[in-house]
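Peer 1:
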Amino acid sequence: MRPALLDPLFAPATSLEGVGPKVVAMLENIVPADLGTREARVGDLLFVLPNSVIDRRSRPGIAQAAEGQIVTLELTVDRHQPAPRGKRSVPYRVYAFDETGEIALTFFHANGPWLEKIMPVGAEIVVSGRMEWFNGRPSMVHPDHIASAEEADSLPLIEPVYPLTAGLSPKTLRRAIGQALGRLPEMPEWQDAEILRRQTFPAFDLALKRIHNPTDPIDASPQNAAWRRLAYDEFLAGQVALALVRARTRRLSGRALQGDGALEAKIRAALPYSLTRSQEQALAEIHADLTKPERMLRLLQGDVGSGKTVVALLAMARAAEAGGQAALMAPTEILARQHLATIAPLAEQAGLKTAILTGREKGRDRETVLSGLADGSIHFVVGTHALFQEHVAFHDLVLAIIDEQHRFGVHQRLAMTAKGDAPDMLVMTATPIPRTLVLTAFGDMDVSRLTEKPAGRRPITTVTLPFERLNQLIGRIHTAIAEGQKIYWICPLVEESEEIELTSAEDRAATLRNEFGDAVGLIHGRMAGRDKDAAMLAFKNGETRILVGTTVIEVGIDVPDATIIVIEHAERFGLAQLHQLRGRVGRGDRASTCVLLYKAPLGEVARRRLEVMRQTEDGFVIAEEDLKLRGEGELLGTRQSGAPSFLVARIEEHADMLETARDDARLLLARDPELTSPRGEAVRTLLYLFGRDDAVRLLRAG
Ligand code: ADP
Ligand code: MG
-16 MRPALLDPLF APATSLEGVG PKVVAMLENI VPADLGTREA RVGDLLFVLP NSVIDRRSRP
44 GIAQAAEGQI VTLELTVDRH QPAPRGKRSV PYRVYAFDET GEIALTFFHA NGPWLEKIMP
104 VGAEIVVSGR MEWFNGRPSM VHPDHIASAE EADSLPLIEP VYPLTAGLSP KTLRRAIGQA
164 LGRLPEMPEW QDAEILRRQT FPAFDLALKR IHNPTDPIDA SPQNAAWRRL AYDEFLAGQV
224 ALALVRARTR RLSGRALQGD GALEAKIRAA LPYSLTRSQE QALAEIHADL TKPERMLRLL
284 QGDVGSGKTV VALLAMARAA EAGGQAALMA PTEILARQHL ATIAPLAEQA GLKTAILTGR
344 EKGRDRETVL SGLADGSIHF VVGTHALFQE HVAFHDLVLA IIDEQHRFGV HQRLAMTAKG
404 DAPDMLVMTA TPIPRTLVLT AFGDMDVSRL TEKPAGRRPI TTVTLPFERL NQLIGRIHTA
464 IAEGQKIYWI CPLVEESEEI ELTSAEDRAA TLRNEFGDAV GLIHGRMAGR DKDAAMLAFK
524 NGETRILVGT TVIEVGIDVP DATIIVIEHA ERFGLAQLHQ LRGRVGRGDR ASTCVLLYKA
584 PLGEVARRRL EVMRQTEDGF VIAEEDLKLR GEGELLGTRQ SGAPSFLVAR IEEHADMLET
644 ARDDARLLLA RDPELTSPRG EAVRTLLYLF GRDDAVRLLR AG
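Per the working numbering, residue -16 is the first one in the sequence shown, and the count goes up by one each step.
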């Protein structure tokens, strides 16, 4: 049960003044929590932390205010000069003065009566905004703040700047956050006193208040104790949750799966290649786990194209030999279908039946799969989340494999676990997470790594090209198509809007169609599943030669004869994502090229990123560089790719506290495994605050 004291924070955000359905929809774009289908809550707003601050403390007086400077001025209103009738392009000016001079407060498309109301002639006011010298005369266009002298205190002298989303005014956002802060209940301290002291952490509520109402720019900095406190809270919540899950999953002891290797041998015989050394090694580790009576909890980490799927399949074969079923869960429908296409024919060679279950299987097809799973006549199933819905029952699920795990939360992992009698778990990820961070994302799993690429792979040549030379690129693509090559064309990620992102892909497809006609296909996240499949299939079969897409083609797609990938606006992508995208090519035996199309001028970080991409294909090197270069975001990928992002912690700023949080969590649970001590109770509150309450349900007393 959720502690009642948190109720005010779990109330819908619409319960705040000035937050209606429209505003909430915009707020949902910027709250860091992954809302899924739930609505935004008051508490979600607390974690919308500022990107920077505007310092309005400078009060130089009109005459001394420099061009472009943000200043706060104490003024007396002198006169209003509305735009002449019918001349909307001339601004409305309000002249005001202080002892040093006169300034024109300038408003375009002004609402005259409103301006007269807030700035009556003769009134003393305080304004704050950017100083401009227009024709040698001081002016301020649309001051950020206008207040009467009496309300001057309400003017934020250090103003936090929040992430923006179209349509949401900073003022509305600030007001909503201010109210949310007002609803913070008094909460017990969940941190250890010694850590508070050593790190000079303020209390949770004080930390939030300091960041949202800074009195000095440093207050809102991620390096400041206030923000570090919140980051540490989040790390601790994460580590406690992972430790609880782990304790629980290990408590359910597993089953020793014995196999004679017969089915595996048949599948191996059907493979057109032999396994790499690291595939063999990983498989041996997996087999050893499966044979043991304890449950397997293993992470299979391998760069894109390293061949994780076949390792999964051979592990599944072992499960079948032991008389059980195996499930492989993918994050998207496209990937599930791709896995089916790989696995089903190979499994058939061994006399094993494979089915697929996604949201799209309906009616009779679905019934057939469900009954096959229930009576055990289906040995392998691949699918999406649909696999662990309540009405899906297995005859005897002994092995659950999760591909690209970072898209799934702890919750899904547990749901999958619940489908069998403590099935062995294998989690596969292409994210080249450095070892220390594996811990954060996956808890204490055993790790196997695929460190080499299948033999015969040719390196990918990576080139950078400014937009101005697009024509040259088009020319090369003509040649490539004439030679029978296939091209991915990735369109820029537009953070603010899926709409724009979509338009950019559609526009690009349209311009490419002018050149290449029907050879151009399009795929994007808004398309219905069937249409996506059709687009993928057409590309795979060669009906289309260029596949234009948004980053939906990022993860896992396998079209071995695609040899060129063009990434448009490459400067907007993070390193990890560029690397993932590049991994779509270089999968066959032909030389491949990655073209990073960029818009000059490049910023320093973007330039460095593109350089790293040109220099190396090693996912781990790239991950390390990424960690160094990140200004924002998390190592595990961008939020767009559904990575487990932190709400408030910034890995690049706060990673130093990770291990402490892990040790702290372990110690806490060692002393108080059911979280019933006073600190334990307080930590439950923490888990709810950071959306880790799934873990609370694992507690006996929870
Ligand atoms: P990922 O690790 O990115 O999921 P996949 O499992 O999709 O990689 O494998 C990428 C490609 O490599 C597939 O086309 C697969 O058939 C092929 N492949 C896998 N293992 C080998 C191998 N040992 N030798 C040659 N090709 C392989
Ligand atoms: Mg894969």
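Glycine is no exception: its CB is placed at the ideal position from the N, C-alpha and C atoms.
Look at the alpha carbon of M411 and the alpha carbon of P200, and state the distance between them as a whole number of angstroms.
Peer 2: Taking the straight line from one Cα to the other gives about 43 Å.
Peer 1: I'd like the list of long-range same chain contacts for L296, defined as Cβ closer than 7 Å, with 5 residues on each side in sequence excluded.
Peer 2: Contacts found: I250, I326, L329.
Peer 1: What's the gap between the Cα of L29 and the Cα of V446?
Peer 2: Going by the C-alpha atoms only, they are around 43 Å apart.
Peer 1: Would L98 pass as a contact of D81 if the rule is Cβ separation under 7 Å?
Peer 2: Result no, Cβ atoms of L98 and D81 do not sit closer than 7 Å.
Peer 1: Does D202 come out as helix, strand or coil in the three-state DSSP assignment?
Peer 2: In this structure, D202 counts as helix in the three-state DSSP scheme.
Peer 1: Would you say Y256 touches ligand 1, meaning its beta carbon is less than 6 Å from a heavy atom?
Peer 2: Yes, since a heavy atom of ligand 1 falls inside the 6 Å radius drawn around the Cβ of Y256.
Peer 1: Considering only C-alpha positions, which residue in the set S289, S122, A106, K70 is nearest to A87?
Peer 2: That would be S122, whose Cα lies nearest to the Cα of A87.
Peer 1: What is the residue span of the beta strand (DSSP E) that D407 lies within?
Peer 2: Residues 407 to 412.
Peer 1: Alpha carbon to alpha carbon, how far is R24 from F218?
Peer 2: Roughly 22 Å between the two C-alpha positions.
Peer 1: Which parts of the region 65 to 121 are runs of the alpha helix (DSSP H), unbroken and 4 residues or longer, counting only runs that do not cross its ends?
Peer 2: Correct list: 95 to 101.
Peer 1: CB of R573 to nearest heavy atom of ligand 1: below 6 Å?
Peer 2: Not under cutoff, so the answer is no.
Peer 1: According to DSSP, is H507 part of a helix, a strand, or is it coil?
Peer 2: H507 falls in the coil class under three-state DSSP.
Peer 1: Which one or two residues does DSSP pair with P449 in a beta bridge?
Peer 2: Paired residues: Y581.
Peer 1: Any idea if M(-16) is buried or exposed, counting beta-carbon neighbours within 10 angstroms, 16 or more meaning buried?
Peer 2: Exposed.
Peer 1: Could you give the residue range of the beta strand (DSSP E) that holds I547?
Peer 2: I547 -> beta strand (DSSP E) spans 545 to 551.
Peer 1: Please indicate yes or no: does the CB of G285 lie closer than 6 Å to some heavy atom of ligand 1?
Peer 2: Correct: G285 has its Cβ closer than 6 Å to ligand 1.
Peer 1: My parser needs the beta strand (DSSP E) runs of 3 or more residues fully inside the region 247 to 317; what are they?
Peer 2: Runs found: 280 to 285, 308 to 312.
Peer 1: Should the region 207 to 215 be called in touch with the region 253 to 268, which here means at least 3 C-beta pairs below 8 Å?
Peer 2: Taking 8 Å as the limit for Cβ pairs, the verdict is that the region 253 to 268 does not touch the region 207 to 215.
Peer 1: Between which two residues does the beta strand (DSSP E) containing T471 stretch?
Peer 2: According to the sequence shown, residue 471 is Tyr rather than Thr. First-last of the beta strand (DSSP E) with Y471: 469 to 473.
Peer 1: Buried or exposed: A553, going by 16 or more other Cβ atoms within 10 Å of its Cβ?
Peer 2: Per the 10 Å Cβ criterion, buried.
Peer 1: Can G288 be considered in contact with ligand 1, in the sense that its beta carbon sits closer than 6 Å to one or more heavy atoms?
Peer 2: The answer is yes for G288.
Peer 1: Would you call the region 160 to 176 and the region 67 to 81 in contact, with 3 or more CB pairs under 8 Å?
Peer 2: Contact fails: fewer than three Cβ-Cβ distances are below 8 Å.
Peer 1: Between the region 560 to 573 and the region 490 to 497, do three or more beta carbon pairs fall short of 8 Å?
Peer 2: Contact fails: fewer than three Cβ-Cβ distances are below 8 Å.
Peer 1: Please confirm whether any heavy atom of ligand 1 lies closer than 6 Å to the CB of K291.
Peer 2: Result yes, Cβ under 6 Å from ligand 1.
Peer 1: Assuming A130 is part of the beta strand (DSSP E), what are its boundary residues?
Peer 2: 128 to 131 is the extent of the beta strand (DSSP E) around A130.
Peer 1: State the Cα-Cα distance for the pair A132 and I37, rounded to the nearest angstrom.
Peer 2: Computed Cα separation, rounded: 21 Å.
Peer 1: Using only the alpha-carbon positions, how far apart do A298 and L280 sit?
Peer 2: The alpha-carbon atoms of A298 and L280 are separated by roughly 13 Å.
Peer 1: Between the C-alpha atoms of Q64 and V31, what's the straight-line distance to the nearest angstrom?
Peer 2: In a straight line, the C-alpha of Q64 is about 40 Å away from that of V31.
Peer 1: Just to confirm, does D541 get its C-beta within under 6 Å of one of the non-hydrogen atoms of ligand 1?
Peer 2: At least one heavy atom of ligand 1 is nearer than 6 Å to the Cβ of D541, so yes.
Peer 1: Any chance you could list the alpha helix (DSSP H) runs of at least 4 consecutive residues sitting entirely within the region 16 to 69, in chain order?
Peer 2: You should have 25 to 29.
Peer 1: Give me the Cα-Cα distance between Y78 and E0, rounded to the nearest whole angstrom.
Peer 2: Between Y78 and E0, the C-alpha separation is close to 34 Å.
Peer 1: Does the Cβ of R278 have 16 or more other Cβ atoms within 10 Å, making it buried, or fewer, making it exposed?
Peer 2: That one is buried.
Peer 1: Less than 6 Å between the CB of R570 and some heavy atom of ligand 1, yes or no?
Peer 2: Flag set: Cβ of R570 near ligand 1.
Peer 1: What are the residues that DSSP puts in a beta bridge with G532?
Peer 2: The partner list for G532 (beta bridge, DSSP) reads I473, I506.
Peer 1: Helix, strand or coil, according to DSSP, for R432 in the structure here?
Peer 2: Looking at R432 - three-state DSSP - the assignment turns out to be strand.
Peer 1: Tell me the residue span of the alpha helix (DSSP H) that contains V352.
Peer 2: Unbroken alpha helix (DSSP H) run through V352: 346 to 358.
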